[in-house]
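Visitor: The numbering of the sequence shown is my numbering, which starts it at 3 and goes up by one. Think of the CB as a built atom: it goes at the ideal place given N, C-alpha and C, for glycine as much as any other residue.
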Amino acid sequence: MEPTGEQSPHHAYPDHWEADVVLRDGGTARIRPITTDDADRLVSFYEQVSDESKYYRFFAPYPRLSARDVHRFTHHDYVDRVGLAVTIGGEFIATVRFDRIDERGRPASAPADEAEVAFLVQDAHQGRGVASALLEHIAAVARERGIRRFAAEVLPANNKMIKVFRDAGFTQQRSFEDGSVHLTLDLEPTAESLAVQRAREQRAEARSVQRLLAPGSVAVVGVGRAPGGVGRTVLRNLLASGFTGRAYAVNTSFAEDQGTVEGVPAHRSVGGIGEQVDLAVVAVPADRVPEAVADCGEQGVQGLVVLTAGYAERGTEGRERQRELVRQARSYGMRIIGPNAFGIINTSDAVRLNASLAPESPKAGRIGLFTQSGAIGIAVLSGLHRRGAGLSAFISAGNRADVSGNDLLQYWYEDQGTDVALLYLESLGNPRKFTRLARRTAAVKPVVVVKGARHSGSNPPGHAVPVSRIPDATVSALMRQAGVIRVDTVTEMVDAGLLLAGQPLPDGPRVAILGNSESLGLLTYDACLAEGLRPRPPRDLTTAAGPRDFRNALAEALADRTSDAVIVTAIPWVGENGEAETGDGEVLAAALREAAATGPAKPVAVVHVEMGGLAQALAAATSTAARPESRPAGPAPGPNPDPGAPSAAPAGGGGRSEDPAPGTPATDEHVNGPAGPAAGRIPAYPAAERAVRALAEAVKYAQWRRHAAAPGKVPAFLDDTIDEHGTAGLIGTLLGPDPDPRGRPLTHDEARELLARYGVTVRAALPAPDPEAAVAAAAKLGYPVALKTTAPHLRHRADLGGVRLDLANENALRRSYDELTDLLGAPAELRPVVQAMAPRGVDTVVRASIDAAAGAVLSFGLAGAPSELLGDTAHRLVPATDRDAAELIRSIRAAPVLFGWRGSAPVDTAALEELLLRVSRLVDDHPEVVSVALEPVVVATDGLTVLGASVRLAPPPARSDLGPRRLPSY
3 MEPTGEQSPH
13 HAYPDHWEAD
23 VVLRDGGTAR
33 IRPITTDDAD
43 RLVSFYEQVS
53 DESKYYRFFA
63 PYPRLSARDV
73 HRFTHHDYVD
83 RVGLAVTIGG
93 EFIATVRFDR
103 IDERGRPASA
113 PADEAEVAFL
123 VQDAHQGRGV
133 ASALLEHIAA
143 VARERGIRRF
153 AAEVLPANNK
163 MIKVFRDAGF
173 TQQRSFEDGS
183 VHLTLDLEPT
193 AESLAVQRAR
203 EQRAEARSVQ
213 RLLAPGSVAV
223 VGVGRAPGGV
233 GRTVLRNLLA
243 SGFTGRAYAV
253 NTSFAEDQGT
263 VEGVPAHRSV
273 GGIGEQVDLA
283 VVAVPADRVP
293 EAVADCGEQG
303 VQGLVVLTAG
313 YAERGTEGRE
323 RQRELVRQAR
333 SYGMRIIGPN
343 AFGIINTSDA
353 VRLNASLAPE
363 SPKAGRIGLF
373 TQSGAIGIAV
383 LSGLHRRGAG
393 LSAFISAGNR
403 ADVSGNDLLQ
413 YWYEDQGTDV
423 ALLYLESLGN
433 PRKFTRLARR
443 TAAVKPVVVV
453 KGARHSGSNP
463 PGHAVPVSRI
473 PDATVSALMR
483 QAGVIRVDTV
493 TEMVDAGLLL
503 AGQPLPDGPR
513 VAILGNSESL
523 GLLTYDACLA
533 EGLRPRPPRD
543 LTTAAGPRDF
553 RNALAEALAD
563 RTSDAVIVTA
573 IPWVGENGEA
583 ETGDGEVLAA
593 ALREAAATGP
603 AKPVAVVHVE
613 MGGLAQALAA
623 ATSTAARPES
633 RPAGPAPGPN
643 PDPGAPSAAP
653 AGGGGRSEDP
663 APGTPATDEH
673 VNGPAGPAAG
683 RIPAYPAAER
693 AVRALAEAVK
703 YAQWRRHAAA
713 PGKVPAFLDD
723 TIDEHGTAGL
733 IGTLLGPDPD
743 PRGRPLTHDE
753 ARELLARYGV
763 TVRAALPAPD
773 PEAAVAAAAK
783 LGYPVALKTT
793 APHLRHRADL
803 GGVRLDLANE
813 NALRRSYDEL
823 TDLLGAPAEL
833 RPVVQAMAPR
843 GVDTVVRASI
853 DAAAGAVLSF
863 GLAGAPSELL
873 GDTAHRLVPA
883 TDRDAAELIR
893 SIRAAPVLFG
903 WRGSAPVDTA
913 ALEELLLRVS
923 RLVDDHPEVV
933 SVALEPVVVA
943 TDGLTVLGAS
953 VRLAPPPARS
963 DLGPRRLPSY
């Protein structure tokens, strides 16, 4: 909302301060600068504030604002005097203002860096977290304008405002002066303030989803007068699901005396209902949606599911229509699922909501599902139904204009009704936030993701998504670092979800295989090896084995301490009459469940061929009684003598003995599952490869969980050898007062100086524009030397003859110089340099760069063909810990070369890990360092040598994940 009045001509309206935020109760509001056009809004707002709140604000009775007050509170220069307002429906519900002051408390201008701040929140909206959100935003504005401290005077009785300041997490000082509490807040963000901000964000966004999934009343807007149509279909599905709340049918075309439709009250508008409506499902033509949204917003509807199509998927006009839809809904404090959505489902017995186009609600279960595609949603629902699995909640977000996968991660993190989160994503609107939320959620329950549009670069229609320059393989590696189980297909997502929801996590990669088909057992064995598991030789029960034989064999395998998981393979067995028994799947299922219910807690999966009814019978839950020898959740104390059998991991999910209400914080008991999960649903697969792949994902996830329980750290010794302050000054000098937004590469000497301040020594390379200069350089450095070209097209290309090594004397150097120039070109083109020889070792490459989508990424690989041709490069997000550095080195396929492959001497990986940590620290401390490449880094048996380095500086990119919380803007 830009001003039209007499705003300061020197400072334009700061529209980047505008933001939509989610409040504590899940509703939304808009924060924006106050302008000269807001006089009437300010007066109306003040009239609705109680006398007590006015007294707390002005320290005296202040029944109304004078004309002078209104002018002062609506005229700002956006530098020394700033006012922000929180609005809902275009009207003020809260304001905040700061005035820059000097050390005596008098009005001042820059460079004074302190400001007096004051808040006023309408009484009807107190307790919604409005002041806390305002403090985050006004503090960010103040820091942008060079203000470092806030001063506030608060009456001792104003406990709510004192609590807002106290709980913000900023460093603060407090004193009691002249009958009031004097507070001073240091506005520099702290670890505590960031943690507070993110905790509030989580609670608010989780609550906003919970309001959508658990409404007390639902109005379907657009219910047709005749059977058929989208609105009528949704209403029927809602009623058929046994929705526990109130339902209403709405259509402007209904007759005044319509009465009911499908047995529920029918109304011509939401306003005509006369009762609170929590959720509205909108199924009207696109040109009538704005009218429907306004009707809902004016009646206090909390959220919308917009099924209507014709938005951003239809091009530029539809994209603008979608943006306007989001703006309109948020102006009323409503969140949106959609548009072009398939709908939402909540199977909780307390809700039983099916506000979707799915004709039948799925069974109640422990799996949460989010998709950006209705078609994919239908496919997954159908697949889960066929395999007897149930869901806790289903959300198909369509164009994903507002509610996204990040919001669902916030909700599922604390939802005790969900043990496994499945997400089909076509893009990551806020990748850094997704990684952060996924890591936190994965620490308590599995998160399985299928990423669509991996190579096409397409994004959800109408959604602004950062463009990533990193390949999909890197995105996958970063997801796995965050604990996300990344799979390639929807089928793999369902396969993994079923195993994780119904079985405990494996303690390690050792797999027992048993069954009545030797061939199927061998296929399973081979599949385990291909997935990096450690299978035991298959146990063949022969085709004559019956259910009792399977039960006994499974019980033995579960009791065997040399196995961490069991895969059962089954084909129809031969009956007494010599014919195959294909219909006895129920009998076999009962036998397997009996063995699993009494054995130790290990995951069990079944591979079957033509076993009628087996999968459905195995999916049926049975007893959740605790099993003998069940191990407690979390890492087991003490070392494990078998590296292939890590300490116990927490249980994965299913088999809860009770079903907690949705939306309440998850506890360790419910996350880890106190009862034996495998005593419930045993997943069945029609192919060995599918079962093994799901188990392999569970093994890797369990290992991540064990590591996440004891995260790594950044060694303290780095602090003693790093000059952070001096590096900041050097970067400022190198960039200059008016830096080019595109940045600039550093020269060799500049890069050496910068890296040296972080303890990274780059071996000197002296220019050799002619043979005489080369000889002089070698004399200075000492023989033996290397002669190298530094031309961009020849850099690091020893295969093209641009590098000559071990030149022991002047004759060898001159001869190599002549050969080099004769073969590749003139010295001016080749840019040759002379460098002292490094000890022999393994050539590696270390890189760090800032990607617009993923953030700062640290990469490692062997130099040359392994990383460039084969893509054998590992990646971690910055900042990296000591554990990240160690895993980075060991996770490339060529890692054995570093550890004594084929009798060679192991190299100094400790020095390599330290180098990785130093580069990570440099990029994390100084976001202006947008790329670093150290190549080659020669790692010897004792120490390493950095022979080449390139660094690029640029103005730091915006960090949306560190600013005040806000919803994506349109």
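Less than 8 Å between the CB atoms is what I'm expecting for Ser358 and Asn253, so what's the real figure, rounded?
Guide: Indexing the sequence shown from 1 puts residue 358 at position 356. Indexing the sequence shown from 1 puts residue 253 at position 251. With a Cβ gap of about 19 Å, Ser358 and Asn253 do not count as contacting.
Visitor: Label Asn401 either buried or exposed according to how many other C-beta atoms from any shown protein chain fall within 10 Å of its C-beta, with 16 as the threshold for buried.
Guide: Taking the first residue of the sequence shown as 1, we reach residue 401 at position 399. Its Cβ being crowded by 16 or more others within 10 Å, Asn401 is buried.
Visitor: Jot down the residue ranges of each uninterrupted alpha helix (DSSP H) in the stretch 157-237, minimum 4 residues, whole runs only, in chain order.
Guide: Runs of the alpha helix (DSSP H) inside the stretch 157-237: 161-168 and 193-215.
Visitor: State the start and end residues of the unbroken alpha helix (DSSP H) segment that holds Ser333.
Guide: For the purposes of this step, residue 333 is taken as the residue at position 331 of the sequence shown. Note, Ser333: alpha helix (DSSP H), Thr318 to Ser333.
Visitor: Can you tell me the Cα-Cα spacing of Asp644 and Leu809, whole angstroms?
Guide: Walking along the sequence shown from the start, residue 644 turns up at place 642. Walking along the sequence shown from the start, residue 809 turns up at place 807. Residue confidence is low: Asp644 scores 37 on pLDDT, short of 50, so the model does not pin down where it sits. Its coordinate-derived value is still stated next. Computed Cα separation, rounded: 49 Å.
Visitor: Among Leu594, Gln175 and Pro508, which has the Cα closest to the Cα of Arg563?
Guide: Here the question's residue 563 lines up with position 561 in the sequence shown. Closest option to Arg563, Cα to Cα, is Pro508.
Visitor: Using only the heavy atoms of the ligand MG, determine whether one of them is closer than 6 Å to the beta carbon of Ala445.
Guide: As for the ligand MG, it is missing from this structure, which has no ligand bound.
Visitor: Does DSSP classify His610 as helix, strand or coil?
Guide: In the sequence shown, residue 610 corresponds to position 608, counting from 1. The answer is strand: DSSP assigns His610 an E or B state.
Visitor: Any idea which residues DSSP pairs Phe94 with across the strands?
Guide: Translated into positions along the sequence shown, residue 94 becomes position 92. For Phe94, which the question treats as bridged, DSSP gives the partners Thr89.
Visitor: Leaving out the 5 sequence neighbours to the left and right, which residues in its chain are closer than 7 Å to Thr443 when beta-carbon positions are compared?
Guide: Here residue 443 refers to the residue found at position 441 when the sequence shown is read from its first residue. Cβ within range, chain order: Leu411, Trp414, Tyr415, Ala423 and Val449.
Visitor: Could you check whether the stretch 290-307 touches the stretch 382-390, counting it as contact only if at least three pairs of C-beta atoms, one from each stretch, sit closer than 8 Å?
Guide: The stretch 290-307, when compared against the stretch 382-390, does not touch it at the 8 Å Cβ threshold.
Visitor: Checking the sheet assignment: what are the DSSP bridge partners for Thr875?
Guide: By one-based count along the sequence shown, residue 875 stands at place 873. Paired residues: Gly863.
Visitor: Taking the C-alpha atoms as reference points, what is the distance between Asp169 and Gly485?
Guide: Residue mapping note: residue 169 aligns to position 167 of the sequence shown, counting from 1. Residue mapping note: residue 485 aligns to position 483 of the sequence shown, counting from 1. Approximately 31 Å, taken between the alpha carbons.
Visitor: Does Pro743 pass the burial test, meaning 16 or more other C-beta atoms within 10 Å, or should it be called exposed?
Guide: As a working mapping, residue 743 is identified with position 741 in the sequence shown. With fewer than 16 other Cβ atoms within 10 Å, it is exposed.
Visitor: Please classify Thr89 as buried or exposed, where buried requires at least 16 other C-beta atoms within 10 Å of its C-beta.
Guide: What you label residue 89 is simply residue 87 of the sequence shown in a count that begins at 1. It is buried - the Cβ of Thr89 has at least 16 other Cβ atoms within 10 Å.
Visitor: Cβ of Ala942 within 7 Å of Cβ of Gly843?
Guide: Position 940 of the sequence shown, counted from the first residue, corresponds to residue 942. Position 841 of the sequence shown, counted from the first residue, corresponds to residue 843. Yes.
Visitor: Just list the residues that DSSP pairs Arg34 with in beta bridges.
Guide: Here the question's residue 34 lines up with position 32 in the sequence shown. Paired residue(s): Ala87.
Visitor: Over the uninterrupted beta strand (DSSP E) stretch that includes Ile338, give me the two end residues.
Guide: As a position in the sequence shown, residue 338 is number 336, starting the count at 1. It spans Arg337 to Ile339 - the beta strand (DSSP E) in which Ile338 sits, taken as one unbroken run.
Visitor: With a floor of 4 residues, list each alpha helix (DSSP H) that falls wholly inside the stretch 69-156, ordered by position along the chain.
Guide: Listed in chain order, the complete alpha helix (DSSP H) runs (minimum 4 residues) inside the stretch 69-156 are 69-76 and 132-146.
Visitor: What does a CB cutoff of less than 7 Å around Leu137 pick up in its chain, not counting 5 residues either side in sequence?
Guide: Translated into the one-based positions of the sequence shown, residue 137 becomes position 135. Cβ neighbours of Leu137 beyond the five flanking positions: Val166 and Ala170.
Visitor: Excluding the 5 residues preceding and the 5 following Ser219 in the sequence, name in chain order all residues of the same chain whose CB lies nearer than 8 Å to its CB.
Guide: Counting from 1 along the sequence shown, the entry for residue 219 is found at position 217. Hits under 8 Å: Gly247, Arg248, Ala249, Tyr250, Glu277, Gln278, Val279, Asp280 and Leu281.
Visitor: Three-state secondary structure (DSSP) at Leu768?
Guide: Mapped onto the sequence shown, residue 768 falls at position 766. If DSSP states are grouped into helix, strand and coil, Leu768 belongs with the strands.
Visitor: By the three-class DSSP mapping on this structure, what secondary structure does Val939 have?
Guide: Mapped onto the sequence shown, residue 939 falls at position 937. Of the three classes helix, strand and coil, the one that applies to Val939 here is strand, per DSSP.
Visitor: Quick check on this structure: which residue in Ser255, Pro739, Ala117 and Ala814 has the alpha carbon closest to the alpha carbon of Pro786?
Guide: By one-based count along the sequence shown, residue 786 stands at place 784. Selected option, being the one with the closest Cα: Ala814.
Visitor: Is it buried or exposed for Val953, if we count other Cβ within 10 angstroms and need 16 for buried?
Guide: For the purposes of this step, residue 953 is taken as residue 951 along the sequence shown, with counting starting at 1. It counts as buried.
Visitor: On the CB-based measure, 16 or more other CB atoms within 10 Å of its CB, does Asn811 come out buried or exposed?
Guide: Position 809 of the sequence shown, counted from the start, is the residue given in the question as residue 811. Classification of Asn811: exposed, given that the 10 Å Cβ count is below 16.
Visitor: Enumerate in chain order the residues of its own chain whose CB-to-CB distance from Ala690 is below 6 Å, with the five nearest sequence positions on each side excluded.
Guide: Looking up residue 690 in the sequence shown gives position 688. The answer, listed in chain order, is Leu525, Thr526, Ala529 and Val609.
Visitor: Can you list, in chain order, the residues of its chain with a C-beta nearer than 8 Å to that of Val777? Leave out the 5 residues immediately preceding and following it.
Guide: One-based indexing of the sequence shown puts residue 777 at position 775. Closer than 8 Å at Cβ, skipping near neighbours: Glu812, Leu815 and Arg816.
Visitor: By the three-class DSSP mapping on this structure, what secondary structure does Ile378 have?
Guide: Residue numbering aside, residue 378 sits at position 376 when the sequence shown is read from its first letter. In this structure, Ile378 counts as helix in the three-state DSSP scheme.
Visitor: When you compare only the Cα positions, how much space is there between Val24 and Leu832?
Guide: Within the sequence shown, the letter at position 22 stands for residue 24. Within the sequence shown, the letter at position 830 stands for residue 832. So the alpha carbons of these two residues sit roughly 58 Å apart.
Visitor: Which of helix, strand or coil does DSSP assign to Trp19?
Guide: Position 17 of the sequence shown, counting from 1, holds the residue named residue 19. DSSP places Trp19 in helix when its eight states are reduced to three.
Visitor: Evaluate Arg550 with the Cβ neighbour count: other Cβ atoms within 10 Å of its Cβ, from every protein chain shown; 16 or more gives buried, anything less gives exposed.
Guide: The sequence position of residue 550 within the sequence shown is 548, counting from 1. Counting Cβ neighbours within 10 Å, Arg550 comes out exposed, since fewer than 16 surround it.
Visitor: Just to confirm my understanding: we take Pro16, look at its own chain, exclude 5 residues before and 5 after, and list those with CB closer than 7 Å. What are they?
Guide: Counting from one through the sequence shown, the residue named residue 16 turns up at place 14. Excluding sequence neighbours, Pro16 sits near Pro35 and Tyr80.
Visitor: Going by DSSP in three states, Pro664 sits in which element: helix, strand or coil?
Guide: Sequence index remark: in the sequence shown, residue 664 carries index 662 (1-based). Low per-residue confidence applies at Pro664: pLDDT is 38, beneath 50, and the placement is therefore not dependable enough to give any value.
Visitor: How big is the Cα-Cα spacing for Gly1023 and Gly231?
Guide: As displayed, the chain neither begins before 3 nor continues past 972, which places residue 1023 out of reach and without an answer.
Visitor: In angstroms with no decimal places, state the Cα-to-Cα distance between Pro794 and Ile95.
Guide: Along the sequence shown, read from residue 1 onward, the residue named residue 794 stands at position 792. Along the sequence shown, read from residue 1 onward, the residue named residue 95 stands at position 93. Whole-angstrom Cα-Cα distance: 59 Å.
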